[in-house]
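Engineer: Dumping the structure here so I can ask a few things about it.
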Amino acid sequence: MAHATVPLTRRRFLETRRRDAWWVQPLVVFIILTSFLIYATWAAFQNAHYTFGPYLSPFYSPEIFGNSPHAILGPKPGWWPGWLPFSPALIILPFPALFRFTCYYYRGSYYKAFWADPPGCSVGEPRKTYLGERYFPLVFQNIHRYFMLFAVVFLVILAYDVWKALWWTDPLTGQVRFGVGLGAVILALNVVCLGGYTLGCHSMRHILGGFRDQFSKNRLFKAPYACATCLNTTHHRWAWVSLFTVAFSDVYVRMCSMGIWYDPRLF
Amino acid sequence: MANATFQIWRGEQGTGSFIEYATPVSEGMVVLDAIHDIQAAQANDLAVRWNCKAGKCGSCSAEINGQPRLMCMTRLNELDLAKPVTVEPMRSFPHHRDLVTDVSWNFRVKKKIRKFTPRRPDAPDGTWRMQQEDVDRVQEFRKCIECFLCQDVCHVLRDHHLHEEFIGPRYLVHAAALEMHPLDTLDRREELRKAHGIGYCNITKCCTMVCPEHITITDNAIIPLKERVMDHAFDPIVKLVGLIKGTTPGP
Numbered sequence: 011m012a013h014a015t016v017p018l019t020r021r022r023f024l025e026t027r028r029r030d031a032w033w034v035q036p037l038v039v040f041i042i043l044t045s046f047l048i049y050a051t052w053a054a055f056q057n058a059h060y061t062f063g064p065y066l067s068p069f070y071s072p073e074i075f076g077n078s079p080h081a082i083l084g085p086k087p088g089w090w091p092g093w094l095p096f097s098p099a100l101i102i103l104p105f106p107a108l109f110r111f112t113c114y115y116y117r118g119s120y121y122k123a124f125w126a127d128p129p130g131c132s133v134g135e136p137r138k139t140y141l142g143e144r145y146f147p148l149v150f151q152n153i154h155r156y157f158m159l160f161a162v163v164f165l166v167i168l169a170y171d172v173w174k175a176l177w178w179t180d181p182l183t184g185q186v187r188f189g190v191g192l193g194a195v196i197l198a199l200n201v202v203c204l205g206g207y208t209l210g211c212h213s214m215r216h217i218l219g220g221f222r223d224q225f226s227k228n229r230l231f232k233a234p235y236a237c238a239t240c241l242n243t244t245h246h247r248w249a250w251v252s253l254f255t256v257a258f259s260d261v262y263v264r265m266c267s268m269g270i271w272y273d274p275r276l277f
Numbered sequence: 130m131a132n133a134t135f136q137i138w139r140g141e142q143g144t145g146s147f148i149e150y151a152t153p154v155s156e157g158m159v160v161l162d163a164i165h166d167i168q169a170a171q172a173n174d175l176a177v178r179w180n181c182k183a184g185k186c187g188s189c190s191a192e193i194n195g196q197p198r199l200m201c202m203t204r205l206n207e208l209d210l211a212k213p214v215t216v217e218p219m220r221s222f223p224h225h226r227d228l229v230t231d232v233s234w235n236f237r238v239k240k241k242i243r244k245f246t247p248r249r250p251d252a253p254d255g256t257w258r259m260q261q262e263d264v265d266r267v268q269e270f271r272k273c274i275e276c277f278l279c280q281d282v283c284h285v286l287r288d289h290h291l292h293e294e295f296i297g298p299r300y301l302v303h304a305a306a307l308e309m310h311p312l313d314t315l316d317r318r319e320e321l322r323k324a325h326g327i328g329y330c331n332i333t334k335c336c337t338m339v340c341p342e343h344i345t346i347t348d349n350a351i352i353p354l355k356e357r358v359m360d361h362a363f364d365p366i367v368k369l370v371g372l373i374k375g376t377t378p379g380p
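Each protein sequence line maps, in turn, to chains A and B.
In this text, residue positions in the first sequence follow the working numbering: the first is 11, and each later residue adds one.
In this text, residue positions in the second sequence follow the working numbering: the first is 130, and each later residue adds one.
Have a look at this one:
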């Protein structure tokens with residue numbers, strides 16, 4: 011018998027008796043989310059190379075004001091303050107960004123990865139005080155359901171972008187022809203992944219029937235709730251896959267626009 | 130038979146130390162078997178709470194190599210026996226002796242949650258009628274064996290000791306089972322927000338990960354409750370609709 015005097019007191023920061031590599035998951039989350047944030051911010055400020063033929067980068071869609079033919083209301087408005095940097099992405103990106111920021115899944119992940127609250131399950135924390143999501147500022151996470159509604163609107167717009175991506179204008183004749191390029195497939199895949207993420211959102215699940223105690227009394231909710239629940243069980247996977255596809259869609263359009271990548275026409 | 134080394138927390142009222150025991154182990158053994166062998170052969174006064182040895186009574190909760198687990202459901206072949214296996218009591222509750230903690234706080238918390246209050250009986254013989262599809266969700270929550278591993282791993286209780294302000298995942302599951310029950314008539318959302326502190330949960334999902342009954346605590350109980358609390362307390366559109374329909378949410 012041997013003694014190791016370790017009192018059962020509050021653990022110090024990162025102190026744990028866990029033997030597994032608990033730190034890998036928060037580290038991977040930190041790296042991926044930081045990389046995405048840096049790339050998305052850089053891409054949003056570029057205000058260039060966000061279209062290629064009928065393709066429009068999802069970071070810039072819908073293009074409300076802008077210089078491309080995709081702009082809904084024309085070029086940058088005259089009333090735009092001179093001191094404020096302009097990019098079509100800066101107008102619309104806050105909505106999907108805040109949808110992800112307030113997402114239940116991401117919240118749990120980034121609280122661990124960025125705020126160490128806690129760094130891992132049964133791992134010591136750096137702070138003694140804790141307010142949770144009860145008080146300012148985190149009480150505003152409760153706004154998630156509204157950003158979810160915006161995300162649904164964006165989903166419809168991105169689906170329409172895929173449709174538009176199938177129609178190519180001949181630069182010589184001006185004729186519009188149907189054609190499927192690899193870019194359209196990538197944009198369509200992005201919409202599918204974003205759909206899987208958005209439609210399986212916890213707030214969506216609540217709105218589609220989770221708020222009810224009895225499905226038997228109103229069957230209208232039963233099937234939508236079941237679908238949202240089905241997607242919700244893999245919500246974390248959809249969250250990461252859609253994050254990757256939305257970034258890759260922008261990379262693809264950017265590379266084609268810059269002439270670095272060639273967009274093969276499938277038919 | 131190979132030998133394995135266990136470092137078992139020995140002491141009373143929070144003070145004590147790890148004491149190392151070597152014991153023979155064989156195929157098919159679980160941690161509780163090894164603890165019983167040590168108790169029988171080397172430490173007759175070792176305090177350990179156990180009952181069914183089948184993962185259904187929720188008595189033998191402890192922290193094995195730092196992870197909250199049931200001792201009777203942790204097979205030794207899942208552990209690296211080349212290193213000493215640490216076994217210590219749950220950290221979220223007052224320590225009593227050796228591996229035993231005082232979990233009575235949980236039972237006091239349960240009393241704070243308003244009980245199941247069904248509507249008037251559907252039939253003259255005093256019985257109710259329910260559809261299976263209406264109780265599917267609730268049945269998952271009824272699997273809980275009250276091992277309190279979820280309470281133990283929850284950092285709000287474990288690290289921040291907010292036992293007076295937060296009821297913990299186990300009782301949020303209990304509240305969800307009541308709130309979503311098709312026969313229940315009470316609205317507990319206001320107390321969930323204020324007295325029961327649902328806002329303290331920051332969705333780390335640690336409770337879900339340690340649940341030996343594989344209840345999807347966070348996704349199926351806590352987050353749906355958070356959404357219901359939001360309907361009640363934060364969502365202006367839901368409030369407006371309620372005002373128009375004359376069904377303003379509230380207890």
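Using N, Cα and C, we set each Cβ at its ideal position, and we do this for glycine too.
How about B/Pro298 and B/Ile344: are their beta carbons less than 7 Å apart?
Structural biologist: No, they are not a contact pair.
Engineer: Could you confirm whether any beta carbon from chain B is found closer than 7 Å to the beta carbon of A/Thr26?
Structural biologist: Chain B, which has a Cβ nearer than 7 Å to the Cβ of A/Thr26, makes this yes.
Engineer: What residues of chain B sit near A/Val39, judged by a beta carbon separation below 7 Å?
Structural biologist: Neighbours of A/Val39 on chain B: none; closest Cβ ~12 Å, over 7 Å.
Engineer: Tell me the DSSP secondary structure of B/Thr337 in three-state form.
Structural biologist: B/Thr337 falls in the helix class under three-state DSSP.
Engineer: Taking the beta strand (DSSP E) that A/Leu241 falls in, what are its first and last residues?
Structural biologist: Careful: A/Leu241 lies outside any beta strand (DSSP E), inside the alpha helix (DSSP H) at Lys232 to Asn242.
Engineer: Reducing DSSP to helix, strand and coil, say where B/Ser80 ends up.
Structural biologist: For chain B, the structure presents residues 130 to 380; residue 80 of chain B sits outside this window and is missing.
Engineer: A/Gly205 to A/Ser213, Cα distance in whole Å?
Structural biologist: Cα to Cα, A/Gly205 sits roughly 14 Å from A/Ser213.
Engineer: Do A/Pro87 and A/Val256 have their C-beta atoms within less than 7 Å of each other?
Structural biologist: Cβ distance not < 7 Å, so A/Pro87 and A/Val256 don't count as in contact.
Engineer: Since I believe B/Phe245 is in contact with B/Asp288 (beta carbons under 8 Å), could you give me their beta-carbon distance rounded to a whole number of angstroms?
Structural biologist: Rounded, the Cβ-Cβ distance is 32 Å, inconsistent with contact.
Engineer: Can you name the start and end residues of the beta strand (DSSP E) that B/Val177 belongs to?
Structural biologist: Premise fails: B/Val177 is in no beta strand (DSSP E) and is neither H nor E.
Engineer: Can you tell me whether B/Pro353 is buried or exposed? The criterion is at least 16 other CB atoms within 10 Å of its CB, across all chains shown.
Structural biologist: Counting Cβ neighbours within 10 Å, B/Pro353 comes out buried, since at least 16 surround it.
Engineer: Between which two residues does the beta strand (DSSP E) carrying B/Val154 extend?
Structural biologist: B/Val154 -> beta strand (DSSP E) spans Thr144 to Val154.
Engineer: Could you check what DSSP says for A/Leu66 in three-state terms: helix, strand or coil?
Structural biologist: Reduced to three states, the DSSP call for A/Leu66 is strand.
Engineer: Do A/Phe40 and A/Gly134 have their CB atoms nearer than 7 Å?
Structural biologist: Contact flag unset, no.
Engineer: Only counting runs of 4 or more residues, tell me where the alpha helix (DSSP H) segments fall wholly within the region 193–227 of chain A, in order along the chain.
Structural biologist: Correct list: 212–215.
Engineer: Span of the beta strand (DSSP E) holding B/Pro197?
Structural biologist: From DSSP, the beta strand (DSSP E) with B/Pro197 extends over Gln196 to Leu199.
Engineer: What does the Cβ neighbour count give for B/Asp281, buried or exposed, with the cut at 16 atoms within 10 Å?
Structural biologist: B/Asp281 should be labelled buried.
Engineer: Where do the N-terminal and C-terminal ends of the beta strand (DSSP E) with A/Trp278 fall, by residue?
Structural biologist: Because chain A spans 11 through 277 in this model, residue 278 of chain A falls outside it and cannot be assessed.
Engineer: Alpha carbons only, please: which of B/Cys279, B/Gln168 and B/Thr333 is nearest the one belonging to A/Trp125?
Structural biologist: Cα-wise, what sits closest to A/Trp125 is B/Thr333.
Engineer: Name the chain A residues whose beta carbon is nearer than 7 Å to that of B/Gln268?
Structural biologist: None at all; the shortest Cβ gap to chain A is about 14 Å.
Engineer: I want to verify the contact list: residues of chain A whose CB lies under 8 Å from the CB of B/Asn132, in sequence order.
Structural biologist: By Cβ distance, chain A contributes nothing, its closest Cβ being about 14 Å from B/Asn132, past 8 Å.
Engineer: For the candidate residues A/Ile74, A/Gly189 and A/Asn77, whose alpha-carbon lies nearest to that of A/Pro274?
Structural biologist: Per the Cα distances, A/Gly189.
Engineer: Please name the residue, chosen from B/Arg322, B/Asp265 and B/Lys368, that lies closest to A/Ala236 on a Cα-to-Cα basis.
Structural biologist: Minimum Cα distance to A/Ala236 is reached at B/Asp265.
Engineer: Would you kindly work out how many angstroms separate the C-alpha atoms of A/Gln151 and A/Trp250, rounded to a whole number?
Structural biologist: So the alpha carbons of these two residues sit roughly 20 Å apart.
Engineer: Which complete beta strand (DSSP E) runs does the region 255–322 of chain B hold, if anything under 3 residues is left out?
Structural biologist: Listed in chain order, nothing qualifies, since the region 255–322 of chain B has no complete beta strand (DSSP E) run of 3 or more residues.
Engineer: Could you tell me which residues DSSP puts in a beta bridge with B/Val159?
Structural biologist: The partner list for B/Val159 (beta bridge, DSSP) reads B/Arg204.
Engineer: Can you have a look at B/Phe236 and say buried or exposed, based on whether 16 or more other CB atoms are within 10 angstroms of its CB?
Structural biologist: The residue in question, B/Phe236, is exposed, as its Cβ has fewer than 16 Cβ neighbours within 10 Å.
Engineer: Per DSSP, which one or two residues make a beta bridge with B/Ala191?
Structural biologist: Partner(s): B/Arg198.
Engineer: Residue range of the alpha helix (DSSP H) that A/Arg144 falls in?
Structural biologist: Looking at the DSSP string, A/Arg144 is not in any alpha helix (DSSP H), and its letter there is neither H nor E.
Engineer: Going along chain A in order, which residues have a C-beta closer than 9 Å to the C-beta of B/Gln207?
Structural biologist: A small correction: the amino acid at residue 207 of chain B is Glu; Gln does not occupy that position in the sequence shown. Going along chain A, no residue has its Cβ under 9 Å from B/Glu207, so there is no contact; the nearest lies around 11 Å.
Engineer: In chain B, which residues lie less than 9 Å from A/His149 when you measure between Cβ atoms?
Structural biologist: Going by the sequence as given, residue 149 of chain A is Val instead of His. Near A/Val149 (Cβ distances below 9 Å), the residues of chain B are Gly328 and Phe363.
Engineer: Residues in its own chain within less than 7 Å of B/Met309 by CB, not counting five upstream and five downstream?
Structural biologist: Correct list, in chain order: Arg266 and Val267.
Engineer: When the Cα atoms are used, what is the spatial distance from B/Gln261 to A/Pro104?
Structural biologist: Between B/Gln261 and A/Pro104, the C-alpha separation is close to 43 Å.
Engineer: Compute the Euclidean distance between the alpha carbons of A/Gly191 and A/Val166, then round it to the nearest angstrom.
Structural biologist: Cα-Cα distance, rounded: 21 Å.
Engineer: How would you list, in chain order, the residues of chain B whose beta-carbon sits under 7 Å from the beta-carbon of A/Asn228?
Structural biologist: Near A/Asn228 there are no residues of chain B at all, since even the closest Cβ is about 11 Å away, more than 7 Å.
Engineer: Short of 8 Å Cβ to Cβ, which residues in the region 195–228 of chain A face chain B?
Structural biologist: Hits within the stretch, in order: His212, Ser213, Arg215, His216, Gly220, Phe221, Asp223, Gln224, Phe225 and Ser226.
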